[in-house]
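K.L.:
Per the UniProt record's numbering, numbering through the sequence shown is continuous, rising by one, with the last residue being 476.
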Amino acid sequence: MSEKIYSLLFRLFPARFRARWQEEALELFRDRAGYERGVGPRLRMWFDILCDFAVSLPLAYMREHEALDRAPVAARPAGPSFTMLDEKPIRSSAYLYGTLLSLAILAGIGFMAKHAGHFPIRADADSSGITIDPWATGAGGDGDGGSTLVLGNGEGTTHVTNPSTVRPISKVVHVADPAKVPFFDAAEKHRVLVGVAAVLKQRYPDAAAAQRLGKSLLGAESTLARTNDPDAFAAAVTRQLRADSRDMHFEVAYLREAAPAGATPTVNDAAYSASMRAANCMMAPSILPHKIGYLKLDWFPDPRVCGESLTSAMKTLSRADGLIIDLRENSGGSPEMVKFLAGWLFDRPTFVWNPRENSAAGMWTHSPMAESGLAGKPVWVLTSHQTYSAAEEFAYNLKMLHRATLVGETTAGATDVGIFHHIDDHFGIGLRESKVPNPYSSPDWAVHGVDPDIRVAADQALETVQRLASTNLARR
Numbered sequence: 001m002s003e004k005i006y007s008l009l010f011r012l013f014p015a016r017f018r019a020r021w022q023e024e025a026l027e028l029f030r031d032r033a034g035y036e037r038g039v040g041p042r043l044r045m046w047f048d049i050l051c052d053f054a055v056s057l058p059l060a061y062m063r064e065h066e067a068l069d070r071a072p073v074a075a076r077p078a079g080p081s082f083t084m085l086d087e088k089p090i091r092s093s094a095y096l097y098g099t100l101l102s103l104a105i106l107a108g109i110g111f112m113a114k115h116a117g118h119f120p121i122r123a124d125a126d127s128s129g130i131t132i133d134p135w136a137t138g139a140g141g142d143g144d145g146g147s148t149l150v151l152g153n154g155e156g157t158t159h160v161t162n163p164s165t166v167r168p169i170s171k172v173v174h175v176a177d178p179a180k181v182p183f184f185d186a187a188e189k190h191r192v193l194v195g196v197a198a199v200l201k202q203r204y205p206d207a208a209a210a211q212r213l214g215k216s217l218l219g220a221e222s223t224l225a226r227t228n229d230p231d232a233f234a235a236a237v238t239r240q241l242r243a244d245s246r247d248m249h250f251e252v253a254y255l256r257e258a259a260p261a262g263a264t265p266t267v268n269d270a271a272y273s274a275s276m277r278a279a280n281c282m283m284a285p286s287i288l289p290h291k292i293g294y295l296k297l298d299w300f301p302d303p304r305v306c307g308e309s310l311t312s313a314m315k316t317l318s319r320a321d322g323l324i325i326d327l328r329e330n331s332g333g334s335p336e337m338v339k340f341l342a343g344w345l346f347d348r349p350t351f352v353w354n355p356r357e358n359s360a361a362g363m364w365t366h367s368p369m370a371e372s373g374l375a376g377k378p379v380w381v382l383t384s385h386q387t388y389s390a391a392e393e394f395a396y397n398l399k400m401l402h403r404a405t406l407v408g409e410t411t412a413g414a415t416d417v418g419i420f421h422h423i424d425d426h427f428g429i430g431l432r433e434s435k436v437p438n439p440y441s442s443p444d445w446a447v448h449g450v451d452p453d454i455r456v457a458a459d460q461a462l463e464t465v466q467r468l469a470s471t472n473l474a475r476r
């Protein structure tokens with residue numbers, strides 16, 4: 001069947017051309033058809049043939065002349081000679097066939113480009129970090145429907161589909177169902193910027209900074225409004241606020257589905273639990289040489305979901321002579337998990353701090369923990385500029401209590417309790433509203449971050465601690 005189609009297509013060439021080359025062309029076609037079997041190779045073969053026809057067919061008519069037929073050998077002179085060739089004009093039918101063939105090829109390419117391998121585009125969370133962090137949960141204190149959160153601090157931006165289903169997960173991808181994007185025009189962009197400025201003026205604890213940030217944001221409207229993608233617009237506004245304020249808690253989020261007023265995030269649902277368990281609760285314990293325990297922890301998950309996983313890990317690590325806790329890629333998380341983990345490092349309840357103002361409950365470790373053998377053993381905490389929020393609080397507390405040695409880089413400097421406010425049905429902003437009480441005389445990690453006791457590059461911190469730990473433990 002394919003050979004018959006090829007023969008019919010070959011009839012488009014001039015008669016003298018067919019007489020000279022048809023048999024050779026058919027032989028080449030048979031060879032290639034016998035080699036390239038299957039749908040993919042055959043499609044590629046016919047694509048090449050059609051492209052070749054589109055190029056060679058017009059050339060065949062342009063170069064058609066009597067010399068295409070071989071002259072009799074006897075008629076050829078013995079030596080070099082010149083022969084005058086009579087050119088024959090191209091037939092109008094050749095132009096017609098060439099045009100039709102070219103249009104067919106272009107239509108086929110356009111169809112394949114539009115439909116081949118087409119899949120719906122879905123939004124997913126950026127795996128480089130978490131952007132909304134359940135530092136605290138519940139409605140805003142003034143009853144305005146704000147959702148109390150501490151905003152996490154990854155470099156990327158999470159696409160939040162609905163505030164009622166926010167998952168505080170770092171480096172775990174969530175795929176959202178595709179949703180219809182509302183009309184996003186210049187007026188909507190202006191409303192969002194004006195709304196952000198209004199929230200800053202009403203809610204940001206530093207009134208002077210709020211006024212300055214609002215003016216700066218509106219002054220940059222022409223630059224920020226260049227994009228027509230709402231996710232990119234939200235990310236650009238977030239970057240602008242963070243750059244102007246050095247406050248990494250700012251987060252402007254685009255909500256793909258219209259958010260109901262007063263929606264409150266939840267953290268202990270089935271999807272969150274499944275995501276955490278699938279990621280082993282973002283932790284990886286192991287025992288290094290010289291009986292050094294190592295806990296890689298990239299998130300402080302809710303202990304209601306991951307408490308058993310951490311307990312199992314810490315029981316294993318309790319057999320070690322010392323412990324390294326790696327927070328270099330930790331984006332934050334639950335304050336309850338912070339004190340739960342710290343509880344394994346003390347032999348009695350230890351006051352850490354109170355994460356919320358006007359709260360009767362202080363923050364104490366859960367010490368002593370059953371089967372813990374780590375109290376009194378040396379602890380090292382690895383940090384980097386990608387250590388955020390709750391991870392900074394954990395490192396800061398252990399440093400102030402002289403319970404651990406911090407090794408690595410200064411942390412990101414993200415602290416304080418924050419609130420998420422809706423600007424309209426599809427946009428919202430998270431920002432800090434109250435200062436976290438600091439029980440220590442040393443300044444906390446806001447903006448500046450937590451300084452390490454031993455400063456080294458983040459990628460060299462583990463190797464440095466292993467050498468230090470093996471030396472120290474050998475002396476014990």
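Idealized CB from N, CA, C, for every residue including glycine.
On a predicted model such as this, the values are computed, not experimentally measured, just so you know.
Measure the beta-carbon distance from Leu398 to Ala391 and round it to whole angstroms, keeping in mind my assumption that it falls under 8 Å.
P.N.:
Taking the first residue of the sequence shown as position 1, residue 398 is located at position 398. Taking the first residue of the sequence shown as position 1, residue 391 is located at position 391. Leu398 to Ala391, Cβ: 11 Å. No contact.
K.L.:
For Trp299, does the three-state DSSP call read helix, strand or coil?
P.N.:
Here the question's residue 299 lines up with position 299 in the sequence shown. Coil.
K.L.:
Going by alpha carbons, who is nearest to Gly332 out of Ala395, Ala210, Phe427?
P.N.:
Walking along the sequence shown from the start, residue 332 turns up at place 332. Minimum Cα distance to Gly332 is reached at Ala395.
K.L.:
Identify the residues that DSSP records as bridge partners of His421: which are they?
P.N.:
On the sequence shown, position 421 is the one that residue 421 refers to. His421 pairs with Ile429.
K.L.:
The alpha helix (DSSP H) that contains Leu374, what's its start and end?
P.N.:
Position 374 of the sequence shown holds residue 374. Per DSSP, Leu374 belongs to no alpha helix (DSSP H) and is neither H nor E.
K.L.:
Note down, in chain order, each residue of its chain lying with its Cβ closer than 7 Å to the Cβ of Val196, except the 5 sequence neighbours on either side.
P.N.:
On the sequence shown, residue 196 is found 196 positions in, with the first residue counted as 1. Leu217, Val237, Val252, Ile423, Ile429.
K.L.:
If you follow the beta strand (DSSP E) that Tyr254 is in, where does it begin and where does it stop?
P.N.:
The residue you call residue 254 lines up with position 254 of the sequence shown. Looking at the DSSP string, the run of the beta strand (DSSP E) that includes Tyr254 is 251 to 254.
K.L.:
With distances taken from CA atoms, which of Ala15, Leu59, Ser2 is nearest Arg42?
P.N.:
Position 42 of the sequence shown, counted from the start, is the residue given in the question as residue 42. Checking every option, the nearest Cα to that of Arg42 belongs to Ser2.
K.L.:
By the three-class DSSP mapping on this structure, what secondary structure does Pro289 have?
P.N.:
Start at 1 with the first residue of the sequence shown, and residue 289 comes out as number 289. Helix, per DSSP.
K.L.:
Span of the beta strand (DSSP E) holding Thr405?
P.N.:
In the sequence shown, counting from the first residue as 1, residue 405 sits at position 405. From DSSP, the beta strand (DSSP E) with Thr405 extends over 405 to 408.
K.L.:
For Phe300, which residues of its own chain have a beta-carbon under 6 Å away from its beta-carbon, when the five flanking residues on both sides are left out?
P.N.:
Position 300 of the sequence shown, counted from the first residue, corresponds to residue 300. Once the five neighbours on either side are set aside, the close Cβ partners of Phe300 are Gly333, Ser334, Met337, Val338, Ala390.
K.L.:
Please determine, among Gly322, Val381, Ala209, the residue with the shortest C-alpha to C-alpha distance to His290.
P.N.:
By one-based count along the sequence shown, residue 290 stands at place 290. Comparing Cα-Cα distances from His290 to each of Gly322, Val381, Ala209, the minimum goes to Gly322.
K.L.:
I'd like the list of long-range same chain contacts for Thr227, defined as Cβ closer than 8 Å, with 5 residues on each side in sequence excluded.
P.N.:
Start at 1 with the first residue of the sequence shown, and residue 227 comes out as number 227. Around Thr227: Phe233, Ala236.
K.L.:
Please classify Phe111: is it buried, with 16 or more other beta-carbons within 10 angstroms of its beta-carbon, or exposed?
P.N.:
For the purposes of this step, residue 111 is taken as the residue at position 111 of the sequence shown. Phe111 is exposed by the Cβ-count criterion.
K.L.:
Is it right to say Glu409 is buried, meaning 16 or more other beta carbons lie within 10 angstroms of its own, or is it exposed?
P.N.:
Walking along the sequence shown from the start, residue 409 turns up at place 409. Its Cβ being crowded by 16 or more others within 10 Å, Glu409 is buried.
K.L.:
Can you look up Ala220 in the DSSP assignment and give me helix, strand or coil?
P.N.:
Position 220 of the sequence shown, counted from the first residue, corresponds to residue 220. Ala220: coil per DSSP, three-state reduction.
K.L.:
Could you compute how far the alpha carbon of Tyr294 sits from the alpha carbon of Ala461?
P.N.:
Counted from its first residue, the sequence shown places residue 294 at position 294. Counted from its first residue, the sequence shown places residue 461 at position 461. The alpha-carbon atoms of Tyr294 and Ala461 are separated by roughly 13 Å.
K.L.:
DSSP three-state call for Leu323: helix, strand or coil?
P.N.:
For the purposes of this step, residue 323 is taken as residue 323 along the sequence shown, with counting starting at 1. In the structure shown, Leu323 sits in a strand (DSSP, three-state: E or B).
K.L.:
Quick one, are the C-beta atoms of Thr387 and Asn472 less than 7 Å apart?
P.N.:
Mapped onto the sequence shown, residue 387 falls at position 387. Mapped onto the sequence shown, residue 472 falls at position 472. No; because the gap between Cβ atoms is not below 7 Å, this pair is not in contact.
K.L.:
Closest by CA to Met400, which one among Ala342, Ala243, Glu308?
P.N.:
As a position in the sequence shown, residue 400 is number 400, starting the count at 1. When only C-alpha atoms are compared, the closest one is Ala342.
K.L.:
Report yes if the CB atom of Ala320 is closer than 7 Å to the CB atom of Ile292, and no otherwise.
P.N.:
Taking the first residue of the sequence shown as position 1, residue 320 is located at position 320. Taking the first residue of the sequence shown as position 1, residue 292 is located at position 292. Contact flag set, yes.
K.L.:
By a C-beta neighbour count over all protein chains shown, 10 Å radius and 16 as the cutoff for buried, is Met62 buried or exposed?
P.N.:
As a first step, residue 62 is located in the sequence shown; it is residue number 62 there, counting from the start. So Met62 counts as exposed.
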